[in-house]
Amino acid sequence: MKKRNLIYLLFIVLVSIRAFAVVNDGAIDQARLRFSNASNIYQYNVNNTFVNQNPDPAEPGRYVEVRWKVENFGGEKVKDLRVELIPAFPFSLEAGDSPIRKVGTVWGNQMGNEGMMVYYKLRVHKDAIEGDNAIMLRYSNDEGKIWTKLDPFNIRVRTHDAILSILSAVTVPDQIVPGENAELQLKLKNIADSPIKDIRVKLDIADVPFVPIGIANEKNILRLSSGKESLLKFSLTAESDAESKIYKVPLLIDYRDGMGSKYTKNNTIGLIVGEEPKLTVTIDNSEVYTNGDTGDVVIKFVNKGVTDLKFLDVKLKGCSDYKLLSPDNVYVGNIDSDDYETADFNLHIQTAKPEVLLPLSLEYRDANNKEFNEDVNLILDIYSKSEAKKLGLKTGSKGVGIFIVIIIVVAGLVVYRRWKKRKSQS
268 MKKRNLIYLL
278 FIVLVSIRAF
288 AVVNDGAIDQ
298 ARLRFSNASN
308 IYQYNVNNTF
318 VNQNPDPAEP
328 GRYVEVRWKV
338 ENFGGEKVKD
348 LRVELIPAFP
358 FSLEAGDSPI
368 RKVGTVWGNQ
378 MGNEGMMVYY
388 KLRVHKDAIE
398 GDNAIMLRYS
408 NDEGKIWTKL
418 DPFNIRVRTH
428 DAILSILSAV
438 TVPDQIVPGE
448 NAELQLKLKN
458 IADSPIKDIR
468 VKLDIADVPF
478 VPIGIANEKN
488 ILRLSSGKES
498 LLKFSLTAES
508 DAESKIYKVP
518 LLIDYRDGMG
528 SKYTKNNTIG
538 LIVGEEPKLT
548 VTIDNSEVYT
558 NGDTGDVVIK
568 FVNKGVTDLK
578 FLDVKLKGCS
588 DYKLLSPDNV
598 YVGNIDSDDY
608 ETADFNLHIQ
618 TAKPEVLLPL
628 SLEYRDANNK
638 EFNEDVNLIL
648 DIYSKSEAKK
658 LGLKTGSKGV
668 GIFIVIIIVV
678 AGLVVYRRWK
688 KRKSQS
């Protein structure tokens, strides 16, 4: 009996040790991956945020578009970042579509509007179960040698029922300029097998800088038949001091099916406040006017738009009419609204043509991080030496002036001595 009790005791001890080891292994594994909202300047810290799915909810047998935002809350950049979607029922990729997205370099503290977006279009299986269905992502920053798996993300799926789908939400124009009007066009579709009624759609703009124009921020549809669509239009204006960025606006929808059952949908749409940059480029000053001159040409960049301009990079292309003595590339940086910056290029003119073309290549981003590329050609006027003197751009040679002064002084001395000699003789 004592021997049997001893065996039982030994078995319990072994099981406890094994369980403790498993728990600790799990804790170590979990500690290898850090997701936090605090910035750590000593290391990179990648955070993946599930942004949205479209449509929401997804429908079995159809497609769903999903997007993630990748942000780096750390101070060190992450090179060669790759994200891989791990397909699992009820979601699958189309044939030929790689599950790996090459994000590239994510710089330290690249967050918010400057975060990188990862996009997938997935097919939802026709037998998908209604509710939240998990999907997995993993990422690597060493060319795919080691992968780190993220916690699962949920995608909402609803079977054929009284489903009112949001097909699209667009604004005209696509960016709302502060202080100006825009129209939000919301397209709805009844994808249920039966009509739905008493549809009420409301924009909750209490906490965002938008104001409805004329009619209130609520629309109603009495009845929408199965398979039919309806386009709702909301007139809005952005407040004049609205910051340029993407605003999340809650969209509240409730409706009833043919049996009177009530459904409620809480969605979020994104409205973009901003404006395409209005950048003007001119020659502000020049030290070169004639063939053979060497000096600086100052280029002025003026932001006449209502939103800021970011990361302006300027390159002056080569030309046989001049020799570029300074670097061909100048990083100007950010230009605030109603402000300007300049860039200097040192040139040696080697042509007598009346006009020299300065071809500039510009790269910059708007306040919402949209990239722009622009080519600008500026005309630098070149004069003959006589024309430059007439216009006051050039003065006579200093050497010639000094020589004339010396001649006058010498002549004066000669005349004076002769006069003095004659006077002494008389």
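Those letters in the sequence shown? Residues 268 to 693, by this note's numbering. By construction, the Cβ of each residue, glycine as well, lies at the ideal position given by its N, Cα and C atoms. Small disclaimer: the values here were computed from a predicted structure and weren't measured.
| Item | Value |
| --- | --- |
| Please state whether the Cβ-Cβ distance between N400 and P357 is less than 9 Å. | yes |
| Going by C-alpha to C-alpha distance, which of T557, V564, D508 and R684 sits closest to D551? | V564 |
| Locate the beta strand (DSSP E) running through S359, then write down its first and last residues. | F358 to L360 |
| Just the Cα atoms here: how many angstroms apart are I646 and T549? | 9 Å |
| Are the CB atoms of K545 and K571 nearer to each other than 9 Å? | yes |
| Going straight from the alpha carbon of K346 to that of T372, what length do you get? | 4 Å |
| Express the C-alpha separation of S492 and D524 in angstroms, rounding to a whole number. | 10 Å |
| Just the C-alpha distance for L470 and L591, rounded to the nearest angstrom, thanks. | 57 Å |
| Give the list of continuous alpha helix (DSSP H) stretches no shorter than 4 residues that lie fully inside the region 617-673. | 652-657 |
| Measuring straight from C-alpha to C-alpha, what distance separates L453 and V623? | 52 Å |
| In angstroms, rounded to a whole number, what distance separates the CA positions of L348 and D409? | 8 Å |
| Provide the residue span of the beta strand (DSSP E) that contains V345, from first to last. | V345 to I353 |
| Let me know the secondary structure DSSP gives A610 once reduced to three states. | strand |
| Tell me which residues share the same chain as R405 and place their Cβ nearer than 8 Å to its Cβ, disregarding the 5 neighbours each side in the sequence. | V350, E351, I353, W414, T415, K416 and L417 |
| Just to check my reading of the structure: P445 and D508 have Cβ atoms closer than 8 Å, yes? What is that Cβ distance to the nearest angstrom? | 7 Å |
| Roughly how many whole angstroms lie between the Cα atoms of I602 and K567? | 11 Å |
| If we call anything under 9 Å between Cβ atoms a contact, is K393 one with P322? | no |
| When the Cα atoms are used, what is the spatial distance from G481 to G600? | 41 Å |
| With distances taken between CB atoms, is the gap from P479 to L503 smaller than 9 Å? | yes |
| Go ahead and label A362 buried or exposed: buried means 16 or more other beta carbons lie within 10 angstroms of its beta carbon, across all protein chains shown. | exposed |
| Ordered along the chain, which non-local residues of its own chain (more than five positions away) have a Cβ less than 7 Å from that of P462? | R490, L491, S492, S493 and G525 |
| Can R490 be considered in contact with the ligand SAH, in the sense that its beta carbon sits closer than 8 Å to one or more heavy atoms? | This structure simply doesn't include the ligand SAH, nor any ligand for that matter. |
| Can you tell me whether A473 is helix, strand or coil according to DSSP? | coil |
| Taking the alpha-carbon positions, what's the K226 to V540 distance? | Only positions 268 to 693 of the chain appear in this structure, which leaves residue 226 out of reach. |
| In the DSSP output, which residue or residues are listed as bridge partners for N321? | E332 |
| Measuring alpha carbon to alpha carbon, tell me which residue in S593, S587, L431 and S407 is nearest S497. | L431 |
| Restricting to Cα atoms, I'd like to know which of R632, M384, W335 and L434 is closest to I402. | W335 |
| Where do the N-terminal and C-terminal ends of the beta strand (DSSP E) with F340 fall, by residue? | F340 -> no beta strand (DSSP E), and no H or E assigned at all. |
| Starting from the C-beta of N484, find all residues in its chain whose C-beta is less than 7 Å away, skip the five residues before and the five after it, and write them out in chain order. | K469, L470, I472 and F501 |
| Give me the Cβ distance between V643 and L627, rounded to the nearest whole Å; I'm assuming they're in contact under 8 Å. | 5 Å |
| Less than 9 Å between the C-beta atoms of D465 and N487, yes or no? | yes |
| In chain order, which continuous runs of the beta strand (DSSP E) of length 3 or greater are located wholly inside the region 489-556? | 496-505, 512-524, 529-540 and 546-553 |
| One question on the structure: do A436 and P476 come within less than 9 Å of each other, judged by their Cβ atoms? | no |
| Mind checking M383: buried by the 16 CB within 10 Å criterion, or exposed? | buried |
| Please state the DSSP three-state secondary structure of V677. | helix |
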